[in-house]
Amino acid sequence: MASSNIYVGLEIGTSKVCMVVGEVRSDGAIKILGVGQHPSAGVRKGEIVDPETVQTCLHDALMRAEERSDVEVNTVFLAVTGSHIQSLNNRGTIRVADEQMEITSEDLDEVKKIARDVPLPKENGYIHSIIQHYYVDGQDRIPNPIGMLGQKLEADYHIIHGVKTRIQNAIKCVREVPLEVEDIVFSPVAAAQVVLNREAKNEGALLIDIGGGTTDYICFVDGAVVASGCVSIGGDHITNDIALVLKIPLARAEKLKVTHGSASLKGLVDVELVVEGESGKKVSQELLNQIMNARVNELLSLVHEPLAKQGYLDRLGKGIFLTGGSSLMKGIAEVTEGIFGVPVQKSGSSSMSGPSALFENPQYATPVGLIRYAQLLEEQRPKKGRLSKLGEKIEKIFGGSR
Amino acid sequence: MIEYNQAELSDFPDRAEFGIKVIGVGGAGANVLDRMALEGSDEAELLTLNTDVRALSTSVSSEKIQLGATLLKGMGTGGDPSLGKQAAIEAVDEIRQAVRNNKMVFVCVGLGGGTGSGAAPEVCRIAREEGVFLVVFATMPFSFEGERRMEQARRALEQIGRYANAVITFDNDRMGELIVPKDGVTQAFAAADKIISQSIRATMNVVFRPGLIRIGMDDLLTALDTDDSRCLFGYGVAKGDNRSHEALEQALKCPLLDRGKLLEEAKAILIQVAGGETMTLYEVQLVMDEISKHVGKNTQILFGTGTDKRLGNSLTVTIISSINGPAASASRTSVDESREAAPSISLGMHSDAPPSLSQSTPSHEAAFNIQDYEEEEEVQPARPPVPLSRTQAQPMRDPEPEPEFEDVSPIFEPLSDENFAESTQPLPSYSPETVPAVLRKPELRALKSPVEDDADSDLRNPIARAMDAGREPDFNRPPSLGDHEPAEVDRVEAVTESSQKITLTRMVSSGNTGRIKTRDPLSASSDGPTFPQSKPPAMPREDIAPAYASDEARQQQEMLQLEPVGGKGRFAKTDPTIVDGEDLDVPTFLRKKR
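Chains as they are written, first to last, in numbering that gives the first Met the number 0: chain A, 0 to 401; chain B, 0 to 593.
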C-alpha cells in the first residue's frame, strides 16, 4: 500500500483550522507535503460550537492542503481537546498462569484491560491508554515484558478520557465534509511527538501548548506520560481581557497583544501606545502588560498546581517546552520560569524536511505531531494487523467505557 | 380546634404545638411511610392507619392506629370504601387526638382500595377540623386494577380535594414507566414509594429549609395551583466543580419531569436551589439560567434558595410544578388566559416584605436574579399538555382558621440510591445551627426523639417493609362501589372564598421569616391578572433593596455583586470555565483587582 504512509493531521483549533499532509519515508523521516489552513470560526475553547461554520473553514483548509500537496485526502488524524478531557494513572495487575511462566502478548492485553478498568463518569470514553511501565515480579521499568519469565505482571497506564458525545461531535463534523477520521488524538499527545525528543521524554519534560482557546499540557517523566490535561484558557482569553479592560474591539486588542503586549512585567518601559484606528486612543504599556501578566500567571498556575501536587516538577530534567500560538507571546517564558522554577524553552516542531521552515513555528506543533503519531501507530501495526486495529479504533471512538 | 387568632400572629408564642405528621392510610400509605422511615426521617412523626391489623403490625411507624377494630375485627376492608369509611369513623377520636397539635399534616394514601379510598377522606376531614395544614399525596391505581377501583379512587380523590390544602397525585401507571418492565413487582412498588416519600421530603425541605430567598407554603400552593393537574417533581443533588449543572440535570431527569420538557407547560414552577455554605451565587444563577430555557415564557418562577450546612459540598435543586391534565385544560382556558396575560415573577422576597432578612446567614442578591429572569423568561411557547399523572392543588374552602407551621430542619433524601447517593452522606453531619435561631427551641428537639427511635426500629425490620411493598394496591380484593357520599366539588366557590388562604400565607410567612405577604393566589386567579399586589412583573432592583434591612445583609449583597455577570466578552455564551468558584472567562485583571 504505497499511499498508506501518507498521513494527514487535522487540528480544528480555536484560532485556525490546520491540515498537514505528510509523508513518512521508509527510513522513518517525515516529509511535509503540504499544509492547508484557514482562520477558524465556530470554535470556542477548543470545541466546536458551530459545526456549519467549522465545516466551511475545514473545507477551505482541505482544498488548500490538497492543492499544495497534490494528494487526495480521504482520512485524517484528528486532534481533539477541550476542558472535558481528563487524565489519570492506574495500575493493573495480573497473575500469569502457573504452567505458562513466559509472558505473552495476551497477558499484556489482559493487564491493559485491567488497568483501564477504572470507573469513568458514564458519559466519558477513553481517548488514550498510554502504557507507562510494566513491572514483572516487582522488577520495575520494563519496556517490553513479552517473553520474560514472571508470575506477576503489573502495568501502569496513563488514561486519557473525555466526554464521548463531545468528541463524537468533532468527528461528526469532519465526517460531514466528508473526510474519514482514522483516529483521534488528544492534542498535547500529538504535539509531544514532535516537540519532545526521546531524550527529553526520558529525562523528564513538560510540554505546555498554549493555543487560542485552550492550554494543553503533557508531562513526561522517565520516558512515560505521567500527566496530561487541558485548561480551557488560551490566547483568546488574553485578547478578550485586553478588549474588555481597555474597552476596545477584539480585533484591535488582538493586534495590540501581538505587536506590543508582553506577559512579563520586567524591563517594562511605560510608554503610551496608540491604538490603531481608535482615533488616537492611548493605552499605557504598563496596563497592557498587567492585564496579560495577570491572565498568563493564572493560566500557568492552573497547570502548575496539579503537577506540583504530584511532585512531577522536580523530575523535569529537560524543563518546560512551550508551544502553541500563544507561546509566541513576549515574556511568556520568563513568567513560566518564574512559576515553575525550571528552565523553559519555546519550541516548535523540529526534524522535519520539506517546506518546513514554516513548521518550526510552534503554531503547527500539534498537526505535525499528528503525522508523527500516525507513523508511530504504523510502526506498532504489524503486531496487530490492520483489521484488529480498526476494530480497536472503533471501540475507542464509540466505545464502551471499558 | 385551633382558632385563628390575630394576636398569635404577632408574638407567635406557642412553640410546643408545632409539629409535622405524616400519616399513611391503608397499605400503600403505610408502605410510603416505611420507606420514609427507612431513609431516615428525623423531622416528622409518622403515623400509620390501617384496618388490617396484620399489615399494621409490620409497619415501622412510631404511631399506629387500628381502624375499625370492632367493625372489621382486625381484617381488611375487602376493597370496600364504605367499610373503610366506617372504620375510620370508629377511630375518629384517636385520629383526632393524633392530628391535634400538629401544624402540618401530610397524608399519603393509595387510592382505589377500601381503606385508602374510604378512610382517607375521613382522615382529611378530621385533620381539617383540627385546623392543620393538609397536603395529600395520593396514588391512583394502575389501570389494570380495573375501572371500578379507578372510579373509587376518583371519588375519594374528589372528597379529599375538598379538605386538603393541596393534593398531589401520582399515577401508578406512570410510575410503572419508571421501572424496567421485568423488574419484580416488589421493586416496582418500592420505586413508586420512594418517589412519593422523596416528594414529601422535598416538599418539607422546600418549605422548611431556612432560606435566604425563602419559599413558603404559599409559593408551593401557587406552584401546584391548577385543578385536575399532574404534578411535576424533580430533584437532583450533585457535588464537584460542575455541581450546579449536574444537580439540575438530575432534577430534570426525574421521571415526572420528562427531562424538563413538561416544564414548558407549567404556569408556575417552584425551584429551590440549596447548598452548603460554599454555594456561590454564580451557581444559583447557572441553575436558573438553565431552568429558564425549559420554562415557557409566561411561566411564573417561584425561586428560593438557601444554604444548609448539612449539605456540605453538595448542591441540590428541587423543582415542583404542575400542569393541567387534558381534562382540565379545556374548562380552565378562561382562567388560563387571564393568568397568562401577566407574566410575573415571584421571589421568596417581596418588595412589600418587612425588613426581616436578618435571620438568613449568608446572603443573596435577589435583584440580580430577577434581572436575569426578566431576560430569560422568554423561552419557548408551551406545548399541549400530555396526560401522565395528575395533581390536584385545590384551593381550600374551609372557613376554618389556618394553621401556622414551624420550620423544621429539613430532611433530605435521595430519590434513587444511585443518583443521589451523595446526599445521604452529608446528612448525619447536619447540625441544627442552620435552623434560624428562633426555631431552635427545646420543644422541637423533643419532638425529634421519637422519630429517631422510629428510624431505629425501622432498621430492625427491613424485611417486613419489603414484604409490604408488594402488597400495595390490593389486587385480590374485589372492587366494590361503596356508598360514597356525593362528592361534588364546587370549584367556583372555592375560588371565590379566598379569605382563608390569605390567612394561611400570613401565618406561614410571619412564622418563618417575619415577612408578611398579602398575596392571595385564589383571588388572583379569579380576578384575572396574576397577583398584581405582590408580584410586579418586573421588580426593579431598588424595590428589593429595602428588603434587606440589616446592615449585614446589605453588605453581603454588595459583596456578591463582585461576581460580574457581563464581563465575559466573547465567552459570554460559552460554557463557563469555573475553577474554585471563579469564572475564569472574566479577565483575571478585573478579578484580581477587586
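Quick reminder that beta carbons are idealized off the backbone N, C-alpha and C, glycines included.
Separation of residue j from residue i, as counted between CA atoms
i	j	result
A/Ser39	A/Ile319	28 Å
B/Asn30	B/Asp307	29 Å
A/Asp59	A/Ser86	33 Å
A/Ala252	A/Ile241	6 Å
A/Val193	A/Gln344	14 Å
B/Ile577	A/Ile141	40 Å
A/Lys246	A/Lys280	11 Å
B/Phe136	B/Glu93	22 Å
B/Thr221	B/Leu262	15 Å
B/Gly26	B/Pro140	13 Å
A/Lys112	B/Thr138	47 Å
A/Glu98	A/Val110	18 Å
A/Gly228	B/Ala163	56 Å
B/Ser320	B/Leu219	8 Å
A/Glu377	A/Val23	10 Å
A/Leu264	A/Glu333	10 Å
A/Leu272	B/Leu310	52 Å
B/Gly18	B/Gly28	20 Å
A/Gly363	A/Thr214	Rather than Gly, the amino acid found at residue 363 of chain A in this sequence is Tyr. If you take the alpha carbons of A/Tyr363 and A/Thr214, they lie about 14 Å apart.
A/Val95	A/Asp106	7 Å
A/Val270	A/Val244	18 Å
A/Asp108	A/Lys317	32 Å
Proximity test, residue i beta-carbon vs the ligand FMN heavy atom, cut-off 8 Å
i	result
A/Val224	Because no ligand of any kind appears in the structure shown, any question about the ligand FMN cannot be addressed here.
Member of the options whose CA lies at the smallest distance from the CA of residue i
i	options	result
A/Val7	A/Gln379, A/Glu285 and A/Arg371	A/Arg371
A/Met114	A/Val220, A/Ala154, A/Val53 and A/Thr80	Checking the sequence, you will find Ala at residue 114 of chain A rather than Met. Measuring from the Cα of A/Ala114, the nearest candidate turns out to be A/Ala154.
B/Glu44	B/Thr50, B/Asp51, B/Met35 and B/Thr185	B/Met35
B/Lys193	B/Gly130, B/Asn49 and B/Cys107	B/Cys107
B/Ile270	B/Ala126, B/Tyr281 and B/Ile290	B/Ile290
B/Gln284	B/Gln249, B/Gly275, B/His244 and B/Gly311	B/His244
B/Asp582	B/Thr317, B/Leu314 and B/Leu280	B/Leu280
B/Thr277	B/Leu314, B/Val585, B/Gly73 and B/Phe132	B/Leu314
Counted within 10 angstroms of its Cβ, other Cβ atoms place residue i as buried (16 or more) or exposed
i	result
B/Met558	With a pLDDT of 40 at B/Met558, under the threshold of 50, the modelled position of that residue is not reliable, and no figure is offered here.
A/Ala250	exposed
A/Asn73	exposed
B/Thr69	exposed
B/Asn101	buried
A/Lys151	exposed
A/Asp69	exposed
A/Leu375	exposed
B/Lys238	buried
B/Val272	buried
B/Lys591	exposed
A/Asn197	Sequence inspection shows Arg at residue 197 of chain A; the Asn mentioned does not correspond to that position. Exposed, because fewer than 16 other Cβ atoms sit within 10 Å of the Cβ of A/Arg197.
A/Gln54	buried
B/Lys266	buried
A/Leu148	exposed
B/Gln85	buried
B/Arg53	exposed
A/Gly368	buried
A/Ser283	exposed
B/Arg96	For the record, residue 96 of chain B in the displayed sequence is Gln; it is not Arg. Classification for B/Gln96: exposed.
8 Å contact criterion, which residue i and residue j should meet: CB distance rounded
i	j	result
B/Ser198	B/Ile167	7 Å
A/Gly45	A/Ser231	6 Å
A/Gly33	A/Ile102	No, A/Gly33 and A/Ile102 are not in contact; Cβ-Cβ is about 44 Å, not under 8 Å.
B/Cys123	B/Ile64	Incorrect: roughly 15 Å between the Cβ atoms, too far for contact.
A/Gly473	A/Leu315	Residue numbering for chain A in the displayed model covers 0 to 401; residue 473 of chain A lies beyond these limits and cannot be assessed.
A/Ser128	A/Ile158	5 Å
- prompt: How about the stretch 71 to 83 of chain B and the stretch 99 to 118 of chain B: do they share at least three Cβ pairs that are nearer than 8 Å?
  reply: Yes, they touch.
field: Contact the stretch 317 to 333 of chain A vs the stretch 204 to 214 of chain A: 3+ CB pairs below 8 Å
entry: Two segments are said to touch when three or more pairs of C-beta atoms, one from each, lie closer than 8 Å; by this definition the stretch 317 to 333 of chain A touches the stretch 204 to 214 of chain A.
query: Are the stretch 226 to 243 of chain A and the stretch 287 to 304 of chain A touching by the rule of at least three beta carbon pairs closer than 8 Å?
result: Below 8 Å, enough C-beta pairs join the stretch 226 to 243 of chain A and the stretch 287 to 304 of chain A to call them touching: three or more.
field: Cβ contact (3+ pairs, closer than 8 Å) linking the stretch 230 to 238 of chain B and the stretch 290 to 309 of chain B
entry: As far as the Cβ criterion goes, the stretch 230 to 238 of chain B does not touch the stretch 290 to 309 of chain B, which means the pair count is below three.
- prompt: Are at least three pairs of beta-carbons, each pair with one atom in the stretch 132 to 146 of chain A and one in the stretch 76 to 83 of chain A, less than 8 Å apart?
  reply: The way I'd put it, the stretch 132 to 146 of chain A doesn't touch the stretch 76 to 83 of chain A; fewer than three beta-carbon pairs between them come closer than 8 Å.
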